[in-house]
DNA sequence: AAAAGTACTTGCAAAATGCAAGTGATTTCG
DNA sequence: CGAAATCACTTGCATTTTGCAAGTACTTTT
């Protein structure tokens with residue numbers, strides 16, 4: 475299972491969609507960025523209920539795309555830690571704008587509304603703090 | 475063909491992906507926002523070569539989601555004009571961040587690089603001008 | 001009146017997704 | 001120490017979505 479990603483054109487949007495243009499990939503990145511998830515089992519627990527084979531497929535795509543990397547878990551050799559690369563961390567602004575847009579037009583969780591309110595007040599600060607969270611480690 | 479959109483959760487990102495989480499939908503919005511396309515035939519011409527049935531399906535989803543609307547073409551009754559609603563126009567920042575991210579990490583068209591350079595210089599200005607373009611009409 | 005344009009729809013093969021069960025390597029528990 | 005549980009997947013198969021080619025119905029051009 476190591477097919478490489480085919481790019482349909484040199485349009486940056488098309489290229490981005492060739493990587494994460496589906497219903498699941500950005501949810502994995504969401505879990506890494508906002509929910510502190512790092513292991514296969516944690517991704518499976520999310521409320522949207524991704525199937526195990528789809529998760530495995532998306533993790534391999536994200537790794538091939540250089541958005542996440544694997545390393546061994548400090549506590550156990552049975553576990554694997556997934557973490558965002560610089561390329562993955564740089565998706566923060568994309569996710570932030572999706573959240574802001576979606577919250578404006580849809581019915582979302584109360585904590586998503588609260589988060590959107592913070593964005594409305596000082597988006598730069600929220601983004602900066604997220605970046606700091608992931609670049610300090 | 476009027477199935478409504480099912481939302482998997484109340485997460486704003488998940489909800490957004492339930493609407494445009496595929497390889498084609500955001501390309502249609504791209505064409506509306508950046509390439510001045512407004513008709514079915516124009517969308518078909520894009521270099522990624524969307525299939526006619528997929529295009530019809532995505533246009534109906536975008537209309538159901540309130541992102542685009544149809545109106546009659548002033549020149550012809552055979553043509554239909556598609557245009558972005560306020561909800562669609564508000565996707566500008568999402569697309570902008572995708573472009574900025576994708577250009578940073580991938581090999582893209584020269585004019586996409588040029589556009590990204592403008593973003594780097596003054597993103598607010600580029601976004602503001604895009605909004606003005608679509609709200610003045 | 002015929003041909004071309006426009007916005008689709010239809011039929012069918014191929015690919016992707018979803019679900020349930022299974023695998024093999026750790027790790028925990030008694 | 002051995003059995004059961006945990007962990008990260010893989011496999012098989014049914015369902016759904018996509019992709020391609022062709023067709024349709026209406027309008028416009030010639």
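Chains as they are written, first to last, in the numbering used here: chain A, 475 to 611; chain B, 475 to 611.
Yeah, the Cβ is synthetic: ideal placement off N, Cα and C, and Gly gets one too.
Report task. Mind listing the chain A neighbours of residue 588 of chain B? Cutoff is C-beta to C-beta under 7 Å, in chain order. Result -> At a C-beta separation below 7 Å, residue 588 of chain B has no neighbours in chain A, since its nearest C-beta there lies roughly 12 Å away.
Query raised in the report: How about residue 486 of chain A and residue 573 of chain B: are their beta carbons less than 8 Å apart?
Result: yes
Query raised in the report: For residue 571 of chain A and chain B, any beta-carbon pair shorter than 8 Å?
Result: For residue 571 of chain A, the closest Cβ of chain B is nearer than 8 Å.
Report task. Taking only the alpha-carbon atoms, compute the straight-line gap between residue 493 of chain A and residue 491 of chain B and give it to the nearest angstrom. Result -> 14 Å
Report task. Could you check the C-alpha separation between residue 560 of chain B and residue 554 of chain B for me, to the nearest Å? Result -> 19 Å
Query raised in the report: Are residue 597 of chain A and residue 570 of chain A close, meaning C-beta to C-beta below 8 Å?
Result: Cβ atoms of residue 597 of chain A and residue 570 of chain A: closer than 8 Å.
Report task. Under 9 Å between beta-carbons, which chain A residues line up against residue 512 of chain B? List them in chain order, please. Result -> Per Cβ cutoff of 9 Å: no residues; residue 512 of chain B is ~18 Å from chain A at best.
Query raised in the report: Under a CB-based cut-off of 8 Å, is residue 528 of chain B close to chain A?
Result: no
Query raised in the report: With distances taken from CA atoms, which of B/479, B/489, B/501 and B/512 is nearest residue 549 of chain B?
Result: Looking from the CA of residue 549 of chain B, the closest CA among B/479, B/489, B/501 and B/512 belongs to B/512.
Report task. Could you work out which residue in A/498, A/482, A/531 and A/509 is closest to residue 523 of chain A when comparing CA atoms only? Result -> A/498
Query - Neighbour-count burial assignment, residue 474 of chain A, 16 or more Cβ in a 10 Å radius - result: This structure gives no information on residue 474 of chain A, because the portion of chain A shown stretches from 475 to 611.
Requested in this report: Step through the CB atoms of chain A and report whether any lies within less than 8 Å of the CB of residue 515 of chain B.
Outcome: No, residue 515 of chain B lies away from the interface with chain A (no Cβ there is under 8 Å from its Cβ).
Report task. Tell me whether residue 542 of chain A sits in a helix, a strand or coil according to DSSP, three-state version. Result -> strand
Requested in this report: With DSSP collapsed to three states, give me the class of residue 557 of chain A.
Outcome: strand
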